[in-house]
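> For reference, the structure I am asking about is given below.
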Amino acid sequence: MTTLIPPLVTKVYRTISRISGPLLFIDRIQDVAYNEIVAIQDPEGQTRLAQVLEVDQELGVVQVFAGTSGLDLERTSARFTGEVARLAVAPEMLGRVFDGFGRPLDGGAPIVATARPEINGLPINPAQRRQPTAFIQTGVSAIDGLNSLARGQKLPIFSGAGLPANELVAQIAAEARIRQPEGHEGVADDDFAIVFAAIGITRREADFFRRQFEAGGAMDHTVLFLNQANDPAIERLFTPRAALTAAEYLAFALGRHVLVILTDMTNYCEAL
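Using our numbering, you'd call the opening residue of the sequence shown number 136 and step up by one each time.
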């Protein structure tokens, strides 16, 4: 068995060669991995987090979460942490509102984590999945009657400009229920959870979703991730990953049946 011994010395790089938008280009790096979290110290001594986007021999490209305003080539340093992005998860996530990085937005206390899984999860082998049998009732007749959603299935919903896409997904989240085939035991409401992630939305849309979930009584069994358009672009890449990580925790660790709703994936694609 090989034992990995952590390095005794932490390397701090002052070899930043270029700053372009939210990106830093760092020369002469060693032992750096893709998706690694980087601690950037600005000229004021404050720390900003970043993530490795690309490694090419001794050149690394990192994206700063909070932007590069105020950074310069001479007084900015970088420290590679050896860690990847993780999400603090716990049963108390239900009923809470978070940003795309998993930080509370509802004024409540930070989550006391029972686990911190990586947000860059691995795909599940489709050959090991059970055959879908349970029907998820969305409350939308066009979906339930013509394009039914089964548990374990993905269903894209395409919308055009001016159509009530936000109202539709809010209605689905408020009214979704699992209906078992006849002869099978039903799923109790306490075993059903919703993870809702809104990506690149406006402040008005964020307020709309929060009001809808609270007024409809769905908030108690919902984890809400809200990424706004004025947030860093990289947060839009984190948001669906954080939502899916939370859903996997609720499903695999707590035994819940989880419906994940992601909107709007167009904003996610534009951030790639």
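Note that beta-carbon positions come from the ideal geometry of N, C-alpha and C, so glycine has one too. Computed from a predicted structure; not experimentally measured.
Decide if the region 330–338 is in contact with the region 356–372; the criterion is three or more beta carbon pairs, one per stretch, under 8 Å apart.
Counting Cβ pairs under 8 Å, three or more are found: they touch.
> Just to confirm, are residue 202 and residue 161 a CB contact at a threshold of 8 Å?
Here residue 202 refers to the residue found at position 67 when the sequence shown is read from its first residue. Here residue 161 refers to the residue found at position 26 when the sequence shown is read from its first residue. No, these two residues do not count as a Cβ contact at 8 Å.
> In angstroms, rounded to a whole number, what distance separates the CA positions of residue 153 and residue 235?
What you label residue 153 is simply residue 18 of the sequence shown in a count that begins at 1. What you label residue 235 is simply residue 100 of the sequence shown in a count that begins at 1. Rounded to whole angstroms, residue 153 to residue 235 spans 27 Å at the Cα level.
> Leaving out the 5 sequence neighbours to the left and right, which residues in its chain are closer than 6 Å to residue 215 when beta-carbon positions are compared?
Counting from 1 along the sequence shown, the entry for residue 215 is found at position 80. 167, 171, 173, listed in sequence order.
> Roughly how many whole angstroms lie between the Cα atoms of residue 284 and residue 242?
Position 149 of the sequence shown, counted from the first residue, corresponds to residue 284. Position 107 of the sequence shown, counted from the first residue, corresponds to residue 242. Going from the Cα of residue 284 to the Cα of residue 242 covers about 35 Å.
> Less than 8 Å between the C-beta atoms of residue 307 and residue 357, yes or no?
As a position in the sequence shown, residue 307 is number 172, starting the count at 1. As a position in the sequence shown, residue 357 is number 222, starting the count at 1. Result no, Cβ atoms of residue 307 and residue 357 do not sit closer than 8 Å.
> Between 224, 368, 249, which lies nearest to residue 406 when the distance is taken from Cα to Cα?
Position 271 of the sequence shown, counting from 1, holds the residue named residue 406. Here the closest residue by C-alpha is 368.
> With 8 Å set as the bound, which would you pick, yes or no: does the beta-carbon of residue 288 sit closer than that to a beta-carbon of chain B?
Reference to chain B is not applicable here, since this structure consists of a single protein chain.
> Please confirm whether residue 151 and residue 188 have their CB atoms less than 8 Å apart.
To locate residue 151, count along the sequence shown from 1; it is residue 16. To locate residue 188, count along the sequence shown from 1; it is residue 53. No, these two residues do not count as a Cβ contact at 8 Å.
> Quick one: is residue 156 buried, meaning 16 or more other Cβ sit within 10 Å of its Cβ, or exposed?
On the sequence shown, residue 156 is found 21 positions in, with the first residue counted as 1. Exposed: under 16 other Cβ atoms inside 10 Å.
> For residue 268, count neighbouring C-beta atoms within 10 Å of its own C-beta (all shown protein chains included) and say buried if the count is 16 or more, exposed if not.
For the purposes of this step, residue 268 is taken as residue 133 along the sequence shown, with counting starting at 1. It counts as exposed.
> Exposed or buried, what is residue 370 when buried is set at 16 or more other beta-carbons lying within 10 Å of its beta-carbon?
Here residue 370 refers to the residue found at position 235 when the sequence shown is read from its first residue. Residue 370 is buried by the Cβ-count criterion.
> Looking only at C-alpha atoms, which of 250, 206, 292 sits nearest to residue 179?
As a first step, residue 179 must be located in the sequence shown, where it is residue number 44. Residue 206 is the option with its Cα nearest to residue 179.
> With distance defined between alpha-carbon atoms, name the residue in 297, 304, 190 nearest to residue 291.
If you number the sequence shown from 1, residue 291 lands on position 156. Answer by Cα proximity: 304.
> State yes or no: is the C-beta of residue 204 within less than 8 Å of the C-beta of residue 176?
If you number the sequence shown from 1, residue 204 lands on position 69. If you number the sequence shown from 1, residue 176 lands on position 41. Not in contact: residue 204 and residue 176 (Cβ atoms no closer than 8 Å).
> Quick check on DSSP: helix, strand or coil for residue 166?
Taking the sequence shown and counting its residues from 1, one reaches residue 166 at position 31. If DSSP states are grouped into helix, strand and coil, residue 166 belongs with coil.
> Which of the three DSSP states is assigned to residue 222 in this structure?
Indexing the sequence shown from 1 puts residue 222 at position 87. Correct three-state label for residue 222: coil.
> Please state whether DSSP places residue 141 in a helix, a strand or coil.
Residue 141 sits at position 6 when you count from the first residue of the sequence shown. Summary for residue 141: the model assigns pLDDT 49, below 50, so the residue's position carries little reliability; its value from the coordinates is reported in the next sentence. Here residue 141 sits in coil by DSSP.
> Excluding five sequence neighbours on each side, which residues of the same chain lie with their C-beta closer than 6 Å to the C-beta of residue 137?
Taking the first residue of the sequence shown as position 1, residue 137 is located at position 2. Confidence at residue 137 is low in this model, with a pLDDT of 40, below 50, so its placement is unreliable and no value can be given for it.
> Sorted by chain position, which residues of the same chain lie with C-beta nearer than 7 Å to residue 395's C-beta, five sequence neighbours on each side aside?
Locating residue 395 in the sequence shown gives position 260, counting from the first residue. Closer than 7 Å at Cβ, skipping near neighbours: 330, 378, 379, 382.
> Please name the residue, chosen from 165, 158, 159, that lies closest to residue 145 on a Cα-to-Cα basis.
Numbered from its first residue, the sequence shown carries residue 145 at position 10. Nearest of 165, 158, 159 to residue 145, Cα basis: 165.
> Just the C-alpha distance for residue 399 and residue 353, rounded to the nearest angstrom, thanks.
Along the sequence shown, one-based indexing puts residue 399 at 264. Along the sequence shown, one-based indexing puts residue 353 at 218. So the alpha carbons of these two residues sit roughly 20 Å apart.
> For the alpha helix (DSSP H) that residue 380 lies in, which residues bound it at each end?
Position 245 of the sequence shown, counted from the start, is the residue given in the question as residue 380. Looking at the DSSP string, the run of the alpha helix (DSSP H) that includes residue 380 is 368–383.
> Within this structure, are the beta carbons of residue 251 and residue 221 separated by less than 8 Å?
Translated into positions along the sequence shown, residue 251 becomes position 116. Translated into positions along the sequence shown, residue 221 becomes position 86. Yes, these two residues count as a Cβ contact at 8 Å.
> Ordered along the chain, which non-local residues of its own chain (more than five positions away) have a Cβ less than 7 Å from that of residue 271?
Translated into positions along the sequence shown, residue 271 becomes position 136. So the qualifying residues of the chain are 284, 285, 286, 311, 313, 394.
> Rank 159, 199, 191 by C-alpha distance to the C-alpha of residue 372 and give the top, closest one.
Sequence index remark: in the sequence shown, residue 372 carries index 237 (1-based). The residue with the shortest Cα to Cα distance from residue 372 is 199.
> Would you mind sorting residue 375 into buried or exposed? The rule is 16 or more other CB atoms within 10 Å of its CB.
Counting from one through the sequence shown, the residue named residue 375 turns up at place 240. Label assigned to residue 375: buried.
> For residue 401, which three-state DSSP category applies?
Working through the sequence shown from its first residue, we reach residue 401 at position 266. Helix at residue 401.
> Which residue or residues does DSSP assign as beta-bridge partners of residue 361?
Taking the first residue of the sequence shown as 1, we reach residue 361 at position 226. Its beta-bridge partners are 333.
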